[in-house]
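Since the structure comes first, as structure tokens, the remarks are kept for the end.
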Amino acid sequence: MDGTNHSVVSEFVFLGLSNSWEKKLVLFVFFSMFYVASLMGNSLLMLTVNSDPHLHSPMYFLLANLSFIDLGVSSVASPKMIYDLFRKRKVISFSGCIAQIFFIHVIGGAEMVLLIAMAFDRYVAICKPLHYLTIMSPQICISFLLSAWTIGLIHSVVQLAFVVNLPFCGPNVLDSFYCDLPRFIKLDCTDIYWLEFMVMANSGFISVGSFFILIISYIVIIVTVQKHSSAGLSKALSSLLAHITVVVLFFGPFIFFYAWPSSSTHVDKFLAIFDAVLTPFLNPILYTLRNQEMKVAMWRACRQLVSYRKISEIVSRLFYF
342 MDGTNHSVVS EFVFLGLSNS WEKKLVLFVF FSMFYVASLM GNSLLMLTVN SDPHLHSPMY
402 FLLANLSFID LGVSSVASPK MIYDLFRKRK VISFSGCIAQ IFFIHVIGGA EMVLLIAMAF
462 DRYVAICKPL HYLTIMSPQI CISFLLSAWT IGLIHSVVQL AFVVNLPFCG PNVLDSFYCD
522 LPRFIKLDCT DIYWLEFMVM ANSGFISVGS FFILIISYIV IIVTVQKHSS AGLSKALSSL
582 LAHITVVVLF FGPFIFFYAW PSSSTHVDKF LAIFDAVLTP FLNPILYTLR NQEMKVAMWR
642 ACRQLVSYRK ISEIVSRLFY F
């Protein structure tokens, strides 16, 4: 280890999810299936938005970037979790653990800001439809995107600045399947309780604060629409339903981890699996399930991919022979 942090721990050992071979097999099939489906679903959504001129609008621009973030969410912990399932000793290096924490918080911070931007987009679309394209200009959309990644990066760097030089002298066992900051801090030798509180409060404050901003934005939208038309309220709720569901799925585990201390390892692991595996898979489904325009565009993109593949096969056969 680097001498600057006086650490004798060069790696961490995960306890994993189960010791039963049968359960490991089920988990392997389950995780592999949902991980591949998540990669395909989010990639298809991004491809559809980029290739279809009808979807070149602020809402779909933000949605495509959410899918890009979901690709990162599913790829930070899932591949190693799947790889480690049948390994007797599940090990990650110190630098690998730090890298995992870094990317988790960069992506998590960026997604929080992007979800707020998407809520603002829905507010403008529902409450100020005549000024939508003026307010949600390409410059504003790019600014939202740059702000999301900048805030995510700052948040992650600030978190790691407190913990990267902590001395770790053992034990080095994490009762998890990935490196999460709360359990990582508890392994240091100093027992600095204020540091643990500060790191937890930082993530907890950001997640709870962002969640309440989103809740307030939904209330403002609903109240504004209800004042003008009761019929419009049903349409607004239908438009917001997918976004509200994604917000709850995303913020639920975060708030539980950082703002609601719990000693239940089983609950922590379940929520971590849900956040790392299921949420990235569900997001593209939730956004396309009730969106007829997106479903038609995705079907069109799939047909184009199939046609392109057939043409490629014919050309390759001609060259082969």
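Read in order, the letters of the sequence shown are residues 342 to 662 in our numbering. Think of the CB as a built atom: it goes at the ideal place given N, C-alpha and C, for glycine as much as any other residue. Predicted model only: the values in this text are computed from it and were never measured.
**Report entry** Spatial neighbours of residue 501 in its chain, beta-carbon cut-off 7 Å, leaving aside the 5 residues before and after
**Finding:** Within the sequence shown, residue 501 is the residue found at index 160, counting from 1. Excluding positions up to five away in sequence, the list reads 439, 442 and 443.
Query raised in the report: Taking buried to mean at least 16 other C-beta atoms within 10 Å of its own C-beta, is residue 470 buried or exposed?
Result: Taking the sequence shown and counting its residues from 1, one reaches residue 470 at position 129. So residue 470 ends up on the exposed side.
**Report entry** Entirely enclosed alpha helix (DSSP H) segments - the segment 592-642, minimum 4 residues
**Finding:** Within the segment 592-642, the complete alpha helix (DSSP H) segments at least 4 residues long are 606-614 and 620-630, listed from N- to C-terminus.
Query raised in the report: What is the DSSP secondary structure of residue 365, reduced to helix, strand or coil?
Result: Residue numbering aside, residue 365 sits at position 24 when the sequence shown is read from its first letter. Per DSSP, reduced to three states, the secondary structure at residue 365 is helical.
Query - Beta-bridge partners of residue 546, as assigned by DSSP - result: Numbered from 1 along the sequence shown, position 205 holds the residue referred to as residue 546. Note: residue 546 sits in no beta bridge, so no partner.
Requested in this report: Scan the segment 401-454 and note each continuous beta strand (DSSP E) run of 3 residues or more that stays entirely inside, going in chain order.
Outcome: The qualifying runs are 431-434.
Query - Buried or exposed by the 16-neighbour rule on C-beta atoms within 10 Å, applied to residue 424 - result: On the sequence shown, residue 424 is found 83 positions in, with the first residue counted as 1. Within a 10 Å sphere around the beta-carbon of residue 424 sit fewer than 16 other beta-carbons, which makes this residue exposed.
Query raised in the report: If we ignore side chains and look at the alpha-carbon of each, how far apart do residue 454 and residue 428 end up?
Result: Residue mapping note: residue 454 aligns to position 113 of the sequence shown, counting from 1. Residue mapping note: residue 428 aligns to position 87 of the sequence shown, counting from 1. C-alpha separation (whole angstroms): 37 Å.
Requested in this report: Would you decide whether residue 415 is buried or exposed? Buried here means 16 or more other CB atoms lie within 10 Å of its CB.
Outcome: Residue 415 sits at position 74 when you count from the first residue of the sequence shown. So residue 415 ends up on the buried side.
Report task. Look up residue 505 in the DSSP assignment and say whether it is helix, strand or coil. Result -> Position 164 of the sequence shown, counted from the start, is the residue given in the question as residue 505. The answer is coil: DSSP assigns residue 505 none of H, G, I, E or B.
Requested in this report: Starting from the Cα of residue 627, find the closest Cα among 617, 487, 595 and 581 and give me that residue.
Outcome: The residue you call residue 627 lines up with position 286 of the sequence shown. Here the closest residue by C-alpha is 581.
Query raised in the report: From this set, 391, 543 and 483, which residue's C-alpha is nearest residue 503's C-alpha?
Result: In the sequence shown, counting from the first residue as 1, residue 503 sits at position 162. When C-alpha distances from residue 503 are compared across 391, 543 and 483, the shortest belongs to 543.
Query raised in the report: How long is the line joining the alpha carbons of residue 418 and residue 567, rounded to whole angstroms?
Result: For the purposes of this step, residue 418 is taken as residue 77 along the sequence shown, with counting starting at 1. For the purposes of this step, residue 567 is taken as residue 226 along the sequence shown, with counting starting at 1. Straight-line Cα distance between these residues: approximately 43 Å.
Query raised in the report: Going by beta carbon distance, what residues of the same chain come within less than 6 Å of residue 656, once the five residues before and after it are set aside?
Result: Stepping through the sequence shown from its first residue, residue 656 is reached at position 315. Confidence at residue 656 is low in this model, with a pLDDT of 42, below 50, so its placement is unreliable and the value that follows should be read with caution. Excluding residues within five positions, none has a Cβ falling inside 6 Å.
Query raised in the report: Under the DSSP definition of a beta bridge, which residues are partnered with residue 514?
Result: If you number the sequence shown from 1, residue 514 lands on position 173. The partner list for residue 514 (beta bridge, DSSP) reads 354.
Report task. Assign residue 411 to one of two classes, buried (16 or more other C-beta atoms within 10 Å of its C-beta) or exposed (fewer than that). Result -> Locating residue 411 in the sequence shown gives position 70, counting from the first residue. By the neighbour-count definition (other C-beta atoms within 10 Å, threshold 16), residue 411 is a buried residue.
Requested in this report: Use the C-beta contact count for residue 629: other C-beta atoms within 10 angstroms, 16 or more gives buried, fewer gives exposed.
Outcome: Within the sequence shown, the letter at position 288 stands for residue 629. Result: buried.
Query raised in the report: Quick one: Cα of residue 558 to Cα of residue 597, how far?
Result: Indexing the sequence shown from 1 puts residue 558 at position 217. Indexing the sequence shown from 1 puts residue 597 at position 256. Residue 558 and residue 597: Cα-Cα distance of roughly 22 Å.
Requested in this report: Assuming residue 591 contacts residue 452 (C-beta within less than 8 Å), just tell me the rounded distance between them.
Outcome: Stepping through the sequence shown from its first residue, residue 591 is reached at position 250. Stepping through the sequence shown from its first residue, residue 452 is reached at position 111. The beta-carbon distance between residue 591 and residue 452, rounded to whole angstroms, is 6 Å. This is short enough to meet the 8 Å contact definition.
Query raised in the report: Between the segment 381-390 and the segment 353-370, do three or more beta carbon pairs fall short of 8 Å?
Result: Flag = no, the segment 381-390 and the segment 353-370 do not touch.
Query - C-beta contact flag for residue 588 and residue 456 at 8 Å - result: As a position in the sequence shown, residue 588 is number 247, starting the count at 1. As a position in the sequence shown, residue 456 is number 115, starting the count at 1. The answer is yes: Cβ separation under 8 Å.
Query raised in the report: Ordered along the chain, which non-local residues of its own chain (more than five positions away) have a Cβ less than 8 Å from that of residue 639?
Result: Within the sequence shown, numbered from 1, the residue matching residue 639 stands at position 298. For residue 639, where only same-chain residues beyond five positions count, the Cβ hits under 8 Å are 385, 386, 389 and 629.
**Report entry** Neighbourhood of residue 402 by C-beta distance below 6 Å, restricted to the same chain and skipping five residues each side
**Finding:** Within the sequence shown, residue 402 is the residue found at index 61, counting from 1. Here residue 402 has 482 as same chain residues with Cβ atoms under 6 Å from its own Cβ, once five neighbours each way along the sequence are excluded.
Query raised in the report: Does DSSP classify residue 342 as helix, strand or coil?
Result: Sequence index remark: in the sequence shown, residue 342 carries index 1 (1-based). Interpretation of residue 342 is limited by its pLDDT of 41, a score under 50 that renders its predicted location unreliable; the figure taken from the coordinates is listed afterwards. The three-state secondary structure of residue 342, taken from DSSP, is coil.
Report task. Report, in whole angstroms, the separation of the C-beta atoms of residue 625 and residue 383, which I expect to be a contact under 8 Å. Result -> Looking up residue 625 in the sequence shown gives position 284. Looking up residue 383 in the sequence shown gives position 42. That belief holds up - the Cβ atoms of residue 625 and residue 383 are roughly 5 Å apart, short of 8 Å.
Report task. Compare the beta carbon distance of residue 622 and residue 375 with 8 Å and say whether it is the shorter of the two. Result -> On the sequence shown, residue 622 is found 281 positions in, with the first residue counted as 1. On the sequence shown, residue 375 is found 34 positions in, with the first residue counted as 1. Result yes, Cβ atoms of residue 622 and residue 375 sit closer than 8 Å.
Query raised in the report: Is the Cβ of residue 632 closer than 8 Å to any Cβ of chain B?
Result: Although the question refers to chain B, the structure presented lacks it and comprises just one protein chain.
Query raised in the report: If you draw a straight line from the alpha carbon of residue 480 to that of residue 512, how long is it in whole angstroms?
Result: Counting from one through the sequence shown, the residue named residue 480 turns up at place 139. Counting from one through the sequence shown, the residue named residue 512 turns up at place 171. When rounded, the distance between both Cα atoms is 50 Å.
**Report entry** Rounded separation between residue 525 and residue 515 - CA only
**Finding:** Walking along the sequence shown from the start, residue 525 turns up at place 184. Walking along the sequence shown from the start, residue 515 turns up at place 174. For residue 525 and residue 515, the distance between alpha carbons rounds to 7 Å.
Query raised in the report: Secondary structure at residue 391, three-state DSSP: helix, strand or coil?
Result: Stepping through the sequence shown from its first residue, residue 391 is reached at position 50. DSSP, reduced to helix, strand and coil, places residue 391 within a helical segment of the structure shown.
Report task. Would you tell me roughly how many angstroms separate the C-alpha atoms of residue 448 and residue 413, rounded to the nearest one? Result -> Taking the sequence shown and counting its residues from 1, one reaches residue 448 at position 107. Taking the sequence shown and counting its residues from 1, one reaches residue 413 at position 72. The straight-line gap from Cα to Cα measures roughly 7 Å.
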